Every structure is written in structure tokens, then in C-alpha cells.
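Data first, discussion second: the structure below is written as C-alpha cells.
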Amino acid sequence: MSSQFIQTKTQAELESIFKKDLKTGVGRSIKHDSADKQVSGEALYIDDKLEFPNQLHVYARMSDRAHAKILSIDTSPCYEFDGVAIAITAKDVPGNLDIGPVVSGDPLLADDLVEYYGQAVLAVAANDHETARKAAMAAIIEYEDLEPVLCVEEALEKKHFVLDSHQHVLGDSKTALANATNRIQGKLHIGGQEHFYLETQIASVMPTEDGGMMVFSSTQNPTEVQKLVASVLGVDMHKVVIDMRRMGGGFGGKETQAALPACMSAVIARLTNRPTKMRVPRMEDMMMTGKRHPFFVKYDVAFDNDGMIEGIEVDLAGNCGYSPDLSGSIVDRAMFHIDNAYFLKNATINGHRCKTNTASNTAYRGFGGPQGMVPIEEIMDSIARNLNKDPLDVRRTNYYGKDDRNETAYHQTVEHNILPEITEEILASSDYYERREEIKAFNAESRILKKGLAMTPVKFGISFTATFLNQAGALIHVYTDGSIRINHGGTEMGQGLNTKVRQIVSEVFQVEAERIEITATNTDKVPNTSPTAASSGTDLNGKAAQNAALTIKQRLVEFAAKHFNVEESQVEFNNSHVRAGENYMAFEEIIQLAYFNQVSLSSTGFYKTPKIYYDRDSASGRPFYYYAYGLACCEVLVDTYTGEYKFLRTDLLQDVGESLNPAIDIGQVEGAFVQGMGWLTTEELVWNDKGRLMTSGPASYKVPAIADMPIDFRTNLVESRKNPEDTVYHSKAVGEPPFMLGIAAWCAIKDAIASVADYKYQPEVDAPATPERVLMGIQKLREKAKGL
Ligand code: MTE
Ligand code: QUE
Ligand code: MOS
């Protein structure tokens, strides 16, 4: 054998190592690659980076009016503070003022008009953050107040919209409702949700040669930040480089709205020629940035005596805030998920995008899907109360099923629906029907404390519904010592994307993960990336990285076959070693050999999702490559005197296809469930009548903490169920689907309330079901039962 290495192992030793299993490929619970660093504090976030010399800090002064004309801005008082470099308003932006992601509507700084309480009106840059803040607050702004619209119902009534309404239709809902066996009409308010990422919005920039800009941005969407920074500076995209190592959480909140601090910093850096950082403090972040869309929903539903839906009409009105942002696609996704797991035989679904004078609402885990599912789950419970049935039985009756019961209102056929099977699994592991009886017996005896139980399914469509976004790129270099460096278009926000991509490349080359370094996402290396969103980070970037690795591997196979004079089929990679016929060698040896023989050891990779298409004008197609399924069963104890509650037990079962990393997937499932539970229970956003967000910090906005966890919390992944589609190693997306398992928590609370009137009526409780709302719901229900 010709090797450039001094061989220390015999061929027999190499062969025996070759035959052992690799420990770090796909399917193994390897640790999140930032885990140790996050625990020790060594993981670097943008605010932890060493500061550039001469760096400026930016503070944006927010509007204290919800809707007003700006009559004048006087920034001269700002300059009375030592260390202030510049104070800017809309007029100072050198390029385009608008930073709207899809369509315009989001000025970087308010220009003549403010449209919400919290909108950035001017920005001050100083040598330190506190000086910048004091100086910005010293500016004098004169307004002329205009009438604000703060209420989504009012906006809907006045057709005060940011974008046109849209409809999905299946069959004939009108006739079905007219001929209804039974009929229920209702209304529901669903609250928004603050992202509460631990790292607030931040960017740090460095002006470079020839009008360039190096940008460190905490963003899920580096390409969009690149485009918008170029746009506000009035330069080509090739002048701007975005670097993103990791976020301290994104949850959708950094998909579009990370652009503001990056663009603001870039403008100031351009005007001052100094490196600039903008870190948005928590209160300002909560007031300035958009949240999950609150929704107002009206429904009219017909059902037979088994509880099977005959026809349905739904109006979904998303409260978009003052500008479109991503609301077009978000309300679409709510419409796509109004069916959740159920066949809606005759359906008319209307989606409205209401404009209010609040911050522009944006992507948040589930992207409108959760707001679509909550109403149909409310409807299932209402049907059950109406027919005196167990809600789970009504749900199962309506599941998508065989033959003609599998078409959605957007005309995609539901295939490979595993919900009926996995419902059996969780029924067995959770003892649902036995516990139902126990709980009824408990409630009959217990006057003040009442228990509730609910099991709800999830079917969530995977793919961006804007089909063009379903693409990704990657870049892999193999160095001459056999170490590997990967870059891909996805961003790491804690979800474990980099760990999974590392495992995928480890699997392709059959080398241990430690050999592979994943580097910061960088628009210099992989261009034109889609946001890391729609749960498809691994599906898209994992495939792109796999393709890049396969290209290099194929070159190595061809080379080795020729070099050792064997068939290509006789070249195999295993456990960091390579066999070429009877020749065994370490991975780094084949790399050395290939290098000396002038084989390219670097490659890009590209992937686009096959099979999907969608025509929005006719509202039909196959927007989703596949669906991810799951179920949750929650048991709660409610104190009917105080409205307080405690979750006693939760069972989760989530379909992740063939898991790439069960430990990471279980973390995603538990985290998503808890976040969903928080949304529907304690996380309440309150605005005053001036449009000021009153819940602008953790003291008034209650995210779940350790004491809010279910006392008995059991999470399982569906076992040995490969994704039938050709996804990366037949895995399924996991980031968002389990968020909607949290709906079971909300339904369980309502089940406990329903017990006070013997389960005859569905309690009227909007989301979130805060203790106050629970108490009012109980009161209302008691009055209803007494016929008041
Ligand atoms: N998990 C953590 N720890 N932090 C996050 O910000 N975002 C969620 C989910 N899981 C998030 C998370 C959202 S909104 C999405 S769309 C997916 O992760 C994105 O990553 P993926 O596509 O790689 O799963
Ligand atoms: C789910 C998503 C997104 C989506 C559609 C989904 C998303 C997103 C967009 C989008 C749509 C149109 C655009 C654009 C982005 O659509 O995150 O830039 O022009 O950004 O079903 O998560
Ligand atoms: Mo997730 S809401 O698609 O960033």
C-alpha cells in the first residue's frame, strides 16, 4: 500500500477498527454541541464578543402615542450629553427607509407618522448605552394625536386590513349548514404571545473597505438582514456580510424583526464611520417588537348525532398590528390548520388580516397554525358537550380516515395518517378511559377542587407554504489532516440544528462528529438562504449538507477505486476508516492520498423539496411535503374558589419519523409543549386604552417556570415509524409541531370547569385561560346551568 503516513497500525488492526460501529452518526443521542459551553458560560452571544475599539452604542427612542402625526423632532438636546456621537431620524437614512420583509410598511424610523406605542422615532449613538438612552429621552418630539384602532373586532368590522382577505373552500358549507342535524355558532378570542427569547434583539456592525459592512446579527434570516442592510445603506448586497453564530432563542421573533437593530447600527456606522452595536433592553424589546398574532374567530358548524362534522364556516381574523410583516403567510397557515386532524366535509374558511395600532405581529412557533387549531379543538369540545359524549370520542369520529375522508380544504390529500394508530398507543400508556372514570368520581365527591382531563391530537404541515422558500445550500471543506468544516444556510437558535447537521455529515463519511466543525452561518459562504423557520431547518440544510458530503465522498470513491485498482463498490467508509478492496486505512490517510493526487476536497451542496406546489389564487395544491403528528393528554386540578390550577400529569407522544437525535427531539417536544401551555394559560398581554403594552417585563408577563411543570411529565417519541417521504434519513421536522400539544392543557382546564355543570355545557373561556378567566368562566357556567 502506498501511504504518505508512517503507518503504526497493521492491516489486521485497521480492519478490526473498520468493522466497529461509529458512535456519532444519525439516530444517536449525542449532546447538543453548545451544551457544555452554555452551562459554563463560554458560549458566545453577540453581546459577549470583545468590543471593537471606538464602538458606539445605540438606543432608540420609542413613540408614546399609538397613532399620531409627528409635527417636529428636536434632537439638539441629545448633543448636550458627553459622549454622544449622533442622533438620527428617518431623514438621515441614506438608502431606503422601509425594512418590510415581504411588502413595504415598516419604516426603520417613523417618518411623519407613528402607528404604534413603542415605534422607534429617533436613535442616539454614544460611547455607552446609558448615555445614549438619556440623550435619546432628552429629544423633544411634538405630536398631533390621531384616532387609534386597538381592537381586532373593530378592525374586522371596519375592514381595516393590512392585506386582502383570502378563502379556502371544500364542498358546499352553505347547504350543509342549512340542513344541519345539529348546529353550533360561537366566537372566540385567542391571545398573542411574547417570544421572551433570553437574548433580546441585538446586532453589532463594523464598517469595512469600499463602503462594505460586516454585520453580526442575532437573526433567523441572515439573507434578509443582508438584503435590508444593503437597502438602507443604498449599496449592493455583495457589500454586506452577515455572520450568525448562535441565538439565545428565536422562536420566530428573529425571522424578520432582527433586521431593525442591524439596519439601525449599519446606518449609524455609515454616518459616523465607527463600529456600532444596538442591544435592545427587555422592556423596549417587548414594546417595540411584534408578537404571536392574537386572533378573533367566528364559527358556525353543523354535525350529526355521532358528532361528525357535516359542514363548517369559519372567519379567522388575525390581529396583525400596524404593518403586513409576514401576516399574509401567517393567516394562511392558520387557515391551513383550522382542520387540525379532522375531515371538514363542507368547509368555507375565511382569513382576514386586521390592522391595529400595535407592534407588527410576526412569526412565532407554529406560524399561525396554533391559532387555527385552537378553534377547531374548542368546536370538538362544544360538540361533545352538546351530545353528552366524551370529547375524545368526538375527535376520533372526525379524524381524517380512509377513502373519501382525506381531502383538506386546500385540496391536498392527507396520506400516511398515523393518528388513529398512535392514538391507540397513547390511550394505552395514559390509561385515558380509566382515568376519565376516576376523575368523574373524584369530581362528584370534591366540591371545590375539580379535576379535568383532555387528549388532543396534532397534525402539522411541513414546508414553507411560499414554495420557493423550500431550498437550502451548504459548503463543506475537508482539510488535509482529515478534519472537516461545514457551513450551511440554517441558523442555530438552541434547537440543535448544528448538532444534527454534524451527525448527518458524520454519517455520510462515517467519521466521528468531533472531526467536524460547524461554523457560524455566514452569507459569504452560503448565499441566498431561506429563514430558519417552518421547522424545516434540518430537512432543508441537512439534505444540502448531505448532498455536499456525498459529492466529496463520490470523488473519494472514484479516486480510491482507480488508485487501488478495485471496483467502486469495493470502496467502503466505516468508523473513521476506509476499505478499498483488501486495503484498509484511516480516513485521514485517504484524504492525504486524494490531496496528493489532486482531488478536490471541497464542495457545495443544494437541496430543494420535491413534490410540493401551491396555487394561492385557486387555493389548491400540495403545499406540504408531509405532516407531523402528535398527541397530548393532560390532567389538571382546578381550585374553583380562586381559579388557580396545577397540572398533575401530562403524557406526550410525538411523531418525528426516524429520529436523528432522540435526546434533542425530546427536548424540543417538552420545550414546545411547555411554551404552548404557557401561551394558553398564564401568558397574558395587556394594553391600556392608549395602546401602551402594560405587560412589558417578566414581573407582569408570566412565562412558565419550573414550578408550573406537570408534576408527572412523560414524553415519548413514536417508535420505528420512518417518514415515508425521502427526507434526510427519513426523519421528520420537530421544532414547531409539539407546540400545539399545549392545546390539551387548555382543554383540560375547560374540562374541569365543565364538571361544575355536569359536562352539559362548554365553558366560555377565551385564551389564555388565566386564573381570572377560569373564575369568570365558572361563574358564567353556574349561571347558565341555573338558567339565568
Ligand atoms: N428551540 C429552541 N431551543 N429555540 C428556538 O428559538 N425555535 C423554534 C423551534 N425550536 C426554537 C426552538 C421554531 S419557531 C422553529 S421554526 C424551529 O425551531 C426552527 O428550527 P428547525 O427548523 O431547525 O427545527
Ligand atoms: C411557514 C413559515 C413561513 C412561511 C410560510 C410557512 C415563513 C416565512 C414565509 C415567507 C413568505 C413569503 C415571503 C417570505 C417569507 O412563509 O417563515 O420572504 O416572501 O418567512 O408556511 O414559517
Ligand atoms: Mo419558526 S415560527 O417558523 O421561526
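Numbering (our numbering), first residue to last: -2 to 785. Every residue gets a Cβ at the ideal spot worked out from N, C-alpha and C, and that includes glycine. Nothing here was measured: the structure is a model prediction, and the numbers come from that model.
How far does the beta strand (DSSP E) with residue i in it extend, from its first residue to its last?
| i | result |
| --- | --- |
| L147 | Careful: L147 lies outside any beta strand (DSSP E) and carries neither H nor E. |
| L19 | L19 -> no beta strand (DSSP E), and no H or E assigned at all. |
| E310 | 306 to 316 |
| P204 | 199 to 204 |
| C631 | 623 to 636 |
| R646 | 642 to 651 |
| L167 | 158 to 167 |
| D71 | 65 to 71 |
| D612 | 610 to 612 |
| S728 | Here S728 belongs to no beta strand (DSSP E), and DSSP marks it neither H nor E. |
| F710 | 709 to 714 |
| S617 | 617 to 619 |
| H54 | 53 to 59 |
| V81 | 81 to 85 |
| D33 | No beta strand (DSSP E) holds D33; the alpha helix (DSSP H) holding it covers 32 to 37. |
| I137 | 137 to 142 |
| V118 | 117 to 123 |
Which one of the options has the shortest CA to CA distance from residue i?
| i | options | result |
| --- | --- | --- |
| E641 | T678, D612, C631 | T678 |
| V166 | L341, V683, C630 | L341 |
| T637 | A545, R770, A136, M691 | R770 |
| L714 | E722, K729, T724, P701 | K729 |
| A782 | A766, P768, K757, V762 | K757 |
| T516 | L494, A530, V36 | L494 |
| N316 | D648, A152, H474 | A152 |
| K456 | Q551, S717, E221, G366 | G366 |
| P406 | D169, E555, W676, N270 | Reading off the sequence shown, one finds Ala at residue 406, where the question assumed Pro. Looking at the Cα atoms, D169 is the closest of the given residues. |
| D79 | E150, E127, V202 | E127 |
| L466 | I513, G183, N525, G458 | N525 |
| S69 | L110, I83, I327 | L110 |
| V229 | K184, L105, G348 | L105 |
| V294 | H349, P321, N538, G325 | H349 |
| S215 | I181, V232, K251 | K251 |
| Y339 | I67, V411, D612, V635 | V411 |
| F461 | G318, N179, Y611 | Y611 |
| S60 | T355, T205, A177, G249 | T355 |
| Q492 | S262, I501, A530 | A530 |
| A299 | I239, D240, T172 | T172 |
| S787 | T453, R402, A441 | Given a span of -2 to 785 for the chain in the structure shown, any question on residue 787 remains unanswerable. |
| E829 | D108, S533, I588 | Residue 829 lies beyond the stretch modelled for the chain, which goes from -2 to 785, so this question has no answer here. |
| L11 | R689, P765, E585 | E585 |
| E780 | Q759, I83, V505, F603 | Q759 |
| A123 | A263, E722, T273 | T273 |
Just checking residue i against the ligand SAH - is the residue's beta carbon closer than 7 angstroms to any of the ligand's heavy atoms?
| i | result |
| --- | --- |
| E655 | The ligand SAH is not part of the structure shown, which contains the ligand MTE, the ligand QUE and the ligand MOS as its ligands. |
By the DSSP assignment, the alpha helix (DSSP H) with residue i in it spans what residues?
| i | result |
| --- | --- |
| V771 | 768 to 782 |
| M370 | 366 to 384 |
| R393 | 388 to 395 |
| L677 | 659 to 677 |
| L553 | 540 to 560 |
| A745 | 740 to 751 |
Validate contact between the region 204 to 215 and the region 376 to 395 using beta carbons, cut 8 angstroms, 3 pairs: no
Cβ contact (3+ pairs, closer than 8 angstroms) linking the region 601 to 609 and the region 696 to 707: no
Cβ contact (3+ pairs, closer than 8 angstroms) linking the region 43 to 56 and the region 664 to 673: When Cβ pairs closer than 8 angstroms are counted between the two stretches, the region 43 to 56 is seen not to touch the region 664 to 673, the count staying below three.
At least three beta-carbon pairs within less than 8 angstroms, the region 91 to 98 to the region 299 to 312: no
Contact shell at 6 angstroms, judged by CB to any heavy atom of the ligand QUE, ordered along the chain: Counting only heavy atoms of the ligand QUE, the residues whose C-beta sits closer than 6 angstroms to one of them are, along the chain, P98, V99, E252, L323, S326, R330, A360, F364, F461, T462, A463, L466, P528, A530, A531.
The region 19 to 30 touching the region 592 to 600, judged by at least three CB pairs closer than 8 angstroms: no
Every unbroken beta strand (DSSP E) inside the region 260 to 348 [3 residues or more]: 273 to 276, 292 to 300, 306 to 316
Validate contact between the region 214 to 224 and the region 401 to 421 using beta carbons, cut 8 angstroms, 3 pairs: Taking 8 angstroms as the limit for Cβ pairs, the verdict is that the region 401 to 421 does not touch the region 214 to 224.
Contiguous alpha helix (DSSP H) assignments of at least 4 residues, all confined to the region 174 to 250: With a minimum length of 4 residues, the continuous alpha helix (DSSP H) runs that stay inside the region 174 to 250 are 219 to 230.
The region 9 to 16 touching the region 647 to 657, judged by at least three CB pairs closer than 8 angstroms: no
Three or more C-beta pairs below 8 angstroms linking the region 171 to 191 and the region 287 to 301: yes
Within the region 397 to 469, ranges of the alpha helix (DSSP H) (whole runs, at least 4 residues): 416 to 427, 429 to 442
Start-end ranges of the beta strand (DSSP E) lying completely within the region 467 to 520, minimum 3 residues: Listed in chain order, the complete beta strand (DSSP E) runs (minimum 3 residues) inside the region 467 to 520 are 468 to 475, 481 to 485, 513 to 515.
Segments of 3+ residues assigned as beta strand (DSSP E) that fall wholly inside the region 563 to 601: 568 to 571, 574 to 577, 580 to 583
Cβ contact (3+ pairs, closer than 8 angstroms) linking the region 469 to 479 and the region 535 to 548: yes
Meets three-Cβ-pair contact criterion under 8 angstroms: the region 497 to 515 and the region 226 to 242: no
Validate contact between the region 439 to 454 and the region 621 to 632 using beta carbons, cut 8 angstroms, 3 pairs: yes
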